[in-house]
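This report concerns only the one structure given below.
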Amino acid sequence: MKIIGINCSPRKGQTTQKSLEICLKAVHNEPNNIETDIIELADLDIYGCLGCGYCKKQLKCQQKDDFNSLIPVLSDEEVAGIIIATPVYLGTMTSQCKAFLDRTVVLARNGSLLRNKVGGVLAVGDVRNGGQELTIQAIQAAMFCHDMICVGGGTRAAHFGAALVSDQQKGIECDETGLESARDLGYKVAGLAILFNRNSNVVKKNKKTETTLKLT
């Protein structure tokens with residue numbers, strides 16, 4: 002079983018990456034052999050969706066960039082959870098994050114390949130009320146379009162996901178509430194992924210949309 006983190010910051014090694022690493026470290030608190038990995042969008046060239054419809058007929062995008070290399074990674078049946086992390090720019094996600102999400106339409110059009118994967122969202126802003134929750138909800142909306150299972154905050158630290166504040170001098174280290182929300186998110190994504198994979202019996206009624214979930 003794998004849980005993948007996607008760092009949507011254009012800047013590697015900064016607070017969003019550090020927050021995501023803390024989140025994924027909490028995944029390993031579960032007593033199971035869960036692998037984790039981070040995809041750095043800063044290392045990839047991913048253009049915005051052209052809306053051309055090319056992917057309606059095949060599991061591939063016609064654009065000559067790095068997104069096609071992510072298709073087998075994201076659709077891998079071993080990947081039970083995906084955690085998307087982004088800094089907050091002007092009250093919302095980065096352009097890299099939006100381009101990535103728009104391009105995942107190829108996965109929805111070719112068998113809903115993200116369906117029933119557990120999704121979590123982490124957002125980092127430079128002030129407490131800097132749009133983190135709006136950003137989280139916007140990314141969750143894309144996850145719902147894929148029929149993913151979204152994990153909320155569920156704690157006093159954050160209601161919708163992991164929301165952190167990065168001080169210009171000290172980074173995220175001084176935001177204990179935000180760090181708590183990051184750890185909680187990782188733990189919850191891992192726990193739900195384990196529960197769903199162990200205790201569910203999914204029966205596909207047809208190839209396009211319908212599934213029946215039976216919890217035992």
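For the sequence shown, position 190 (counting from the first letter as 1) is numbered 191 according to the working numbering, and the numbering increases by one without interruption.
The C-beta atom is built at its ideal place from N, Cα and C for all residues, glycine as well.
Taking C-beta atoms under 8 Å as the contact rule, Ala191 and Gly179 fail to qualify, at a distance of about 19 Å. Of the residues assessed, Pro32 falls on the exposed side of the cut-off, its CB having fewer than 16 other CB atoms within 10 angstroms.
Take the alpha-carbon of Lys13 and the one of Leu21: they are about 12 Å apart.
Non-local beta-carbon contacts of Thr95 in its own chain, meaning distances under 7 Å to residues more than five positions away in sequence, involve Cys9, Ser10, Pro11, Thr87 and Pro88 in chain order. Unbroken alpha helix (DSSP H) runs of no fewer than 4 residues, entirely contained in the segment 34-90, are found at 72-76, following chain order. In the three-state reduction of the DSSP assignment, Lys13 falls in the coil class, being assigned neither a helical nor a strand state.
The Cβ atoms of Ala100 and Tyr55 do not sit closer than 8 Å to each other.
DSSP, reduced to helix, strand and coil, places Ile140 within a helical segment of the structure shown.
Between Ala43 and the set His29, Phe68 and Ala143, the nearest pair of CA atoms involves Phe68. One alpha carbon belongs to Leu193, the other to Ile150, and they sit about 9 Å apart. Looking at Ile195, Asn30, Val106 and Asp127, the one whose alpha-carbon comes closest to that of Gly172 is Asp127.
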